[in-house]
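Mature numbering (1 follows the signal peptide of the UniProt record, and there is no 0) puts the sequence shown at residues -20 to -1, 1 to 329. These notes concern the structure reproduced below.
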Amino acid sequence: MKKILCLIFCFMMTAGFSQNKEELKNNNEEESLNISKFNILPHYFGFPLSVKFGWLYRQNNFSVFPNTGIFFSADNGPAISSSIGMFVQKDFFKWDINAFYDFVPFTMHKKASDQIVYARNNFIFVINRLKISFPARVGRRLVNEIKFTGSQKELLPKTITEISQGIRFDVYLADLGYLKATTSFSFFTDWIPESRFVNYRLKFDLPVTFKLYYVDVGFVYTFYNTGRINSKNINAAADYQIEKSQEAMTRRFSFKDVQKYSSMHIWGAEIRWYAARTGVNSSGFFISAFADAGFGSNEVKKINLIAECGLGAGYTLFDNVPFTFQAGFNQDFKPIFFLGVVSRIIQGV
């Protein structure tokens, strides 16, 4: 079943890539201010990866796109979701609202209260090189509740209702063709009403990419921090695991138990060599090497080494879609893998 879903996901992504390229060609030939047609919209330059398809209506600078789709996310482990929603855009304002159901990991055999169903809403404002987003999430989520038996700590999986609200800033620092530098900052609060539990999440990314003829070189710094919010007015009746693993930052998975941290600093580098690059400057087969190093903190130990390195290969499809596979190992010498079309280090230029 998972293989079939992956094949369908890849097919729709490819169809969307082809459609987008054809639309750009047609728009250059003839500007149309009135559009009404079936549309496939892939999102592959950042997580979550998604493919949406529906009916696009556009008149001048206003557009509306009711849609359904498939999402792949990795915030709390790999998950595939189905969605239904709507996207509205007017000038510099965008509104994206969707309802989701997670069907991988499979939960249909469980009772209704354990099903993962939720909604996301995002108001987006784009002003020159600055994008400001106000994402919100409401619905069911699987968490690990912390229980103590004597002095032993246990983690018990539990499905809860959670309300999250945040703000995110994305800034284009430089875009010179051969050099691209961006930065992003996000802050979220998560509230579990049934236990009055509140925590915050803060993340900062600074990727820089140099693009030469035969070589792409990228560097990135990532900072992540989370913590519980306690006060006289907030007296939580339960405690939950809120720490994240390095996999949530690097997007490379070992599919084994790994440590989780409340704070992380990670520096990463990646190089891609296009051994047979001809014609268009951004297409062709490439091989790559990557390395990440940093440290994470948790309640057990203040400083824990974080390290990953390995090799990869890929092909830049449709001039700007770098399908890539990477394999390597982490600081515990556990194998790690990445398969996808987006790198947190190398940016499209």
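Note that CB positions come from ideal geometry on N, CA and C, so glycine has one too.
Helix, strand or coil at Pro137 [DSSP, three-state]: The residue you call residue 137 lines up with position 157 of the sequence shown. If DSSP states are grouped into helix, strand and coil, Pro137 belongs with the strands.
Local Cβ density within 10 Å of Gly207, reported as buried at 16 or more and exposed below that: Taking the sequence shown and counting its residues from 1, the one referred to as residue 207 is at position 227. Gly207 should be labelled exposed.
Whether Asp272 touches Glu288 by CB criterion (8 Å): Here residue 272 is taken as the residue at index 292 of the sequence shown, counted from 1. Here residue 288 is taken as the residue at index 308 of the sequence shown, counted from 1. Yes, they are a contact pair.
In chain order, each alpha helix (DSSP H) run of at least 4 residues that lies wholly inside the segment 154 to 238: 227 to 230, all fully within the segment 154 to 238.
Close beta carbons around Asp185, own chain, < 6 Å, minus the five adjacent residues each side: Taking the first residue of the sequence shown as 1, we reach residue 185 at position 205. Closer than 6 Å at Cβ, skipping near neighbours: Ser164 and Thr202.
Assigned exposure category for Thr296 - 16 Cβ within 10 Å defines buried: The residue you call residue 296 lines up with position 316 of the sequence shown. By the Cβ-count criterion, Thr296 is buried, with 16 or more other Cβ atoms from all chains shown falling within 10 Å of its own Cβ.
Thr230 to Arg324 span [Cα, whole Å]: Position 250 of the sequence shown, counting from 1, holds the residue named residue 230. Position 344 of the sequence shown, counting from 1, holds the residue named residue 324. When rounded, the distance between both Cα atoms is 7 Å.
Closest by C-alpha distance to Thr162, when choosing among Ile143, Tyr152, Lys281 and Phe265: Against the sequence shown, residue 162 aligns to sequence position 182. For the residues Ile143, Tyr152, Lys281 and Phe265, the minimum Cα distance to Thr162 belongs to Tyr152.
Range covered by the beta strand (DSSP E) that runs through Ala79: Position 99 of the sequence shown, counting from 1, holds the residue named residue 79. Phe73 to Val84 is the extent of the beta strand (DSSP E) around Ala79.
Thr119 - containing beta strand (DSSP E), residue span: By 1-based counting over the sequence shown, the position of residue 119 is 139. For clarity, residue 119 is Gly in the given sequence; the question names Thr instead. Run containing Gly119: Leu110 to Thr129, per the beta strand (DSSP E) assignment.
Cβ-based burial, Leu29 [other Cβ within 10 Å; buried from 16]: Working through the sequence shown from its first residue, we reach residue 29 at position 49. In this structure Leu29 is buried. Its beta-carbon is surrounded by 16 or more other beta-carbon atoms within 10 angstroms.
Through-space distance from Asn47 to Ile64, alpha-carbon basis: For the purposes of this step, residue 64 is taken as residue 84 along the sequence shown, with counting starting at 1. For the purposes of this step, residue 47 is taken as residue 67 along the sequence shown, with counting starting at 1. Roughly 6 Å separates the two Cα atoms.
Three-state secondary structure assigned by DSSP to Gly308: One-based indexing of the sequence shown puts residue 308 at position 328. Here Gly308 sits in strand by DSSP.
Reduced DSSP category for Ala54 - H, G, I as helix; E, B as strand; rest coil: Position 74 of the sequence shown, counted from the start, is the residue given in the question as residue 54. Coil, per DSSP.
Where Tyr24 falls, given that 16 or more other Cβ within 10 Å makes a residue buried: Position 44 of the sequence shown, counted from the start, is the residue given in the question as residue 24. Its Cβ being crowded by 16 or more others within 10 Å, Tyr24 is buried.
Reduced DSSP secondary structure (H/G/I, E/B, other) of Glu10: Position 30 of the sequence shown, counted from the start, is the residue given in the question as residue 10. Any reading at Glu10 needs caution, since the residue's pLDDT is 49, under 50, leaving its predicted position unreliable; the model's value is listed next. Three-state result, Glu10: coil.
Assigned exposure category for Glu142 - 16 Cβ within 10 Å defines buried: Position 162 of the sequence shown, counting from 1, holds the residue named residue 142. With 16 or more other Cβ atoms within 10 Å, it is buried.
The beta strand (DSSP E) enclosing Gln39, as first and last residue numbers: The count along the sequence shown starts at 1 and reaches residue 39 at position 59. Here the beta strand (DSSP E) through Gln39 covers Leu29 to Gln39.
Nearest-angstrom Cα separation, counted from Pro22 out to Leu36: Walking along the sequence shown from the start, residue 36 turns up at place 56. Walking along the sequence shown from the start, residue 22 turns up at place 42. Taken atom to atom, the span from the alpha-carbon of Leu36 to that of Pro22 is near 14 Å.
Local Cβ density within 10 Å of residue 409, reported as buried at 16 or more and exposed below that: No answer is possible for residue 409: it lies beyond the span of the chain, which begins at -20 and ends at 329.
Between the CA atoms of Ser211 and Ser277 - distance to the nearest angstrom: As a working mapping, residue 277 is identified with position 297 in the sequence shown. As a working mapping, residue 211 is identified with position 231 in the sequence shown. When rounded, the separation of the alpha-carbon atoms in Ser277 and Ser211 is 23 Å.
Local conformation of Ala92 per DSSP, three classes: Translated into the one-based positions of the sequence shown, residue 92 becomes position 112. In the three-state DSSP reduction, Ala92 falls in the helix class (H, G or I).
Selected residue, minimal CA-CA separation from Pro187, among His89, Lys74, Lys160 and Ala92: Start at 1 with the first residue of the sequence shown, and residue 187 comes out as number 207. Proximity to Pro187 across His89, Lys74, Lys160 and Ala92 peaks at Lys160, based on C-alpha coordinates.
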